[in-house]
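Asks:
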Amino acid sequence: DTTVKQNPRYKLARVGKPVNLICSQTMNHDTMYWYQKKPNQAPKLLLFYYDKILNREADTFEKFQSSRPNNSFCSLYIGSAGLEYSAMYLCASSRGSNTEVFFGKGTRLTVV
Amino acid sequence: QQKVQQSPESLSVPEGGMASLNCTSSDRNFQYFWWYRQHSGEGPKALMSIFSDGDKKEGRFTAHLNKASLHVSLHIRDSQPSDSALYFCAVNPSSGSWQLIFGSGTQLTVMP
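Protein sequences appear in the order of chains A and B. For this note's numbering, add 4 to where a residue sits in the first sequence, where the first one is 1. For this note's numbering, add 959 to where a residue sits in the second sequence, where the first one is 1.
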């Protein structure tokens, strides 16, 4: 089974409210990622976990939090959603670096 | 920040025709080029990777890399309607890097 599962598929959030997105994988991959995808733009890496170590991109450092309670699960947390957070959020996983990255179907977040 | 440029933004080819997609990296320090394909409602899925100069063929798909010009192309022969999708080029920027830098994609439509 080479699937990455994301819940929910669609989420509506209010400006200023928190948002929590969930991802799971059963491939025993050591690395899990979160990407943000906006229309007509490239998917942008927000952060990734290598094992238990969280790495966040410099330009999104303060906007997103994440947790990985075990190897299979990873969450993405937005403390106070703004309109600019409306996007598709893609979770992915891989075994090590420079290897194939497996993506979930994404969660489409709409902030109103 | 390394950039990945893809062209064209959209492409239409007749069924049975050849589709050619292009990608250029702005940074010479890369390890692999990847091609990912995303069908509507699905997450991106890896088609193939290439790191050596020349051609790499997998079925109807052929990638061609020119390291000197930092250019990679993807050629799809005998295109099928099921090939209609968003195609992303992505680069692993350096050895051992977990980051995958994507282009903004080429939307391919294969007309029956």
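All C-beta atoms in this analysis are idealised placements derived from N, C-alpha and C, irrespective of residue type, glycine included.
(1) Cα-Cα, which of 113(A), 85(A) and 96(A) is closest to residue 49(A)?
(2) Write down the C-beta distance between residue 1048(B) and residue 992(B) rounded to the nearest angstrom, noting that I regard them as a contact closer than 8 Å.
(3) So which residues on chain A does residue 1062(B) lean against when the C-beta distance must stay under 9 Å?
(4) Indicate whether the contact test is met: 3 or more Cβ pairs, each with one atom in the stretch 23-35 of chain A and one in the stretch 75-86 of chain A, closer than 8 Å.
(5) When you compare each of 16(A), 63(A), 112(A) and 28(A) to residue 8(A) by their alpha carbons, which one comes out closest?
(6) Taking only beta carbons into account, state which residues of the stretch 64-96 of chain A come closer than 8 Å to chain B, listed in chain order.
(7) How many Å lie between residue 1065(B) and residue 19(A) at the Cα?
(8) Answer with yes or no whether the minimum CB distance from residue 14(A) to chain E is below 8 Å.
(9) With a Cβ-Cβ cutoff of 8 Å, do residue 1062(B) and residue 997(B) count as a contact?
(10) Between the alpha carbons of residue 13(A) and residue 54(A), how many angstroms are there, rounded?
(11) I'd like to know if residue 28(A) contacts chain B, where contact means its C-beta is closer than 8 Å to some C-beta of that chain.
(12) How long is the line joining the alpha carbons of residue 1008(B) and residue 994(B), rounded to whole angstroms?
(13) Return the CA-CA distance between residue 37(A) and residue 116(A), expressed in angstroms with no decimal places.
(14) When you compare each of 73(A), 83(A) and 111(A) to residue 65(A) by their alpha carbons, which one comes out closest?
(15) Is there at least one Cβ from chain A nearer than 8 Å to residue 994(B)'s Cβ?
(16) Do you know whose CA, among 86(A), 105(A) and 99(A), lies nearest residue 1050(B)'s CA?
Replies: So, to answer that:
(1) Locating residue 49(A) in the first sequence gives position 45, counting from the first residue. Comparing Cα-Cα distances from residue 49(A) to each of 113(A), 85(A) and 96(A), the minimum goes to 96(A).
(2) Your numbering for residue 1048(B) matches position 89 in the second sequence. Your numbering for residue 992(B) matches position 33 in the second sequence. Right, their Cβ atoms sit about 7 Å apart.
(3) As a first step, residue 1062(B) must be located in the second sequence, where it is residue number 103. By Cβ distance, chain A contributes 46.
(4) yes
(5) By 1-based counting over the first sequence, the position of residue 8(A) is 4. The candidate whose alpha carbon is nearest that of residue 8(A) is 28(A).
(6) 94 and 96
(7) Here residue 1065(B) is taken as the residue at index 106 of the second sequence, counted from 1. Here residue 19(A) is taken as the residue at index 15 of the first sequence, counted from 1. One C-alpha to the other measures close to 32 Å.
(8) In the displayed structure, chain E is absent; the protein chains listed are A and B.
(9) Translated into positions along the second sequence, residue 1062(B) becomes position 103. Translated into positions along the second sequence, residue 997(B) becomes position 38. Not a contact, by the Cβ cut-off of 8 Å.
(10) Your numbering for residue 13(A) matches position 9 in the first sequence. Your numbering for residue 54(A) matches position 50 in the first sequence. Residue 13(A) and residue 54(A): Cα-Cα distance of roughly 25 Å.
(11) For the purposes of this step, residue 28(A) is identified with residue 24 of the first sequence, where counting begins at 1. False, the Cβ-Cβ gap to chain B never drops below 8 Å.
(12) What you label residue 1008(B) is simply residue 49 of the second sequence in a count that begins at 1. What you label residue 994(B) is simply residue 35 of the second sequence in a count that begins at 1. Each residue's Cα considered, the two are about 6 Å apart.
(13) Taking the first sequence and counting its residues from 1, one reaches residue 37(A) at position 33. Taking the first sequence and counting its residues from 1, one reaches residue 116(A) at position 112. Each residue's alpha carbon lies about 26 Å from the other.
(14) Within the first sequence, residue 65(A) is the residue found at index 61, counting from 1. With distances taken between Cα atoms, residue 65(A) lies closest to 83(A).
(15) Counting from 1 along the second sequence, the entry for residue 994(B) is found at position 35. Not an interface residue.
(16) Start at 1 with the first residue of the second sequence, and residue 1050(B) comes out as number 91. Selected option, being the one with the closest Cα: 105(A).
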